[in-house]
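In my numbering, the protein residues as written are 3 to 366.
Report on the structure given below.
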């Protein structure tokens, strides 16, 4: 064999070896987001379909998406946050569970030079605009974690989408984080199957009409194809805002809310149901008359768009159909979740405070 042939064979072997470094994503129901992992980096596909190369060993990130800090707590990667935004500061359970958050610089709109000075390798964000465009000329990778539009259009695609979001963080942060992300995906599937196996055959008349008041006022809600829509529907409710013209956060008219006249109202992101129960314009609404206005639980993050949304689905199911979920102990569910995915062992009292939308006792 001549020298040129030997070189060619060696080259082929090297290429095949490199290709073999990548490992497949076998998570149930997920598309493969991850590419080849080498010493130079990992190619991932973010939630908007952008292919991004991130370092093979990520040690410094900027958590600039609203609930990135929660995902990093979940994946036991809190120590990798070099900068975050103020989203967690109104959520006292976040720094009860992860006290190191208090030592992480808060910058809601950091400049590129500052990120470089903090040795940031990856930025998690919700959009790719403004200052972040400057990152194109830096070595900082930008990973978009949620879509601004084009949300999933049914429960099956929603479940897949939510698992992909958690998996995305795991892929960026490395093998240890991926293992936890995989565990969370299995857990999420189990809880969805548990709830929907009991609600799937409900007739339309058995599904209470549900409105979600997101706060700060009664007419602010999350519209069609929102997380709350799918959690309510899986839990056996009929989400009245599902036919709005707009996805995501929006305001509806008071007239529309009165016309919907929902059977049940859930209130989120604020500390009281007063925006509904103390508004004289809503006093004749069915949910108010029947005392079915409920304050959603709140923990490390807002449950309506965080990883804890799996608990919100169960809370909705228990509230809407107590007869179907007599065996569902929400105190136990919260304790189990926090032990497994927040790396913190809650007491019964602490779990119940989360369910009642109360801060840690030391914060009262």
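Think of the CB as a built atom: it goes at the ideal place given N, C-alpha and C, for glycine as much as any other residue.
With contact defined as three or more Cβ pairs closer than 8 Å, the stretch 184 to 202 and the stretch 275 to 287 are not in contact.
Burial check for residue 312: the Cβ neighbour count within 10 Å reaches 16 or more, so the residue is buried. With at least 16 other beta carbons inside 10 angstroms of its own, residue 112 counts as buried.
Runs of alpha helix (DSSP H) with 4 or more residues, each lying fully within the stretch 257 to 314, are found at 276 to 279 and 288 to 291, listed in chain order.
For residue 173, there is no enclosing beta strand (DSSP E); the residue is part of the alpha helix (DSSP H) that begins and ends at 157 to 175. For residue 232, no beta strand (DSSP E) run applies; the uninterrupted alpha helix (DSSP H) run containing it begins and ends at 229 to 236, by DSSP.
Excluding residues up to 5 positions away in sequence, 267, 278, 279 and 284 lie with their Cβ nearer than 8 Å to the Cβ of residue 290 in the same chain. A straight line joining the alpha-carbon of residue 273 with that of residue 43 spans about 44 Å. Close CB contacts of residue 181 within its chain, under the 6 Å cut and outside five residues either way in sequence, are absent. Shown here, residue 45 sits in a strand according to DSSP, grouped into three states. With three or more CB-CB distances shorter than 8 Å, the stretch 167 to 183 counts as touching the stretch 72 to 79. The residue among 243, 242 and 222 with its C-alpha nearest the C-alpha of residue 252 is 222. Here residue 118 is exposed. Its C-beta has fewer than 16 other C-beta atoms within 10 Å. By the criterion of a C-beta distance shorter than 6 Å, residue 87 is surrounded in its chain by 66 and 110, once the five residues flanking it on both sides are discounted.
Distance between residue 143 and residue 303, taken at the CA atoms: about 25 Å. Per DSSP, the beta-bridge partners of residue 214 are 268. Secondary structure of residue 223 (DSSP, three-state): strand. C-alpha of residue 190 to C-alpha of residue 183: approximately 10 Å in a straight line. A Cβ-Cβ distance of about 6 Å is found for the pair residue 168 and residue 309, placing them in contact under the 8 Å criterion. Using a 10 angstroms sphere on the CB of residue 246, the tally of other CB atoms reaches 16 or more, which defines it as buried. When secondary structure is reduced to three states using DSSP, residue 329 falls in the coil class, being assigned neither helix nor strand. With contacts defined by Cβ atoms closer than 8 Å, residue 80 and residue 58 do not form a contacting pair.
Annotated as distal: residue 53 and residue 176, with beta-carbon spacing of 8 Å or more. Nearest Cα to residue 299 within the set 342, 292, 120 and 359: 359.
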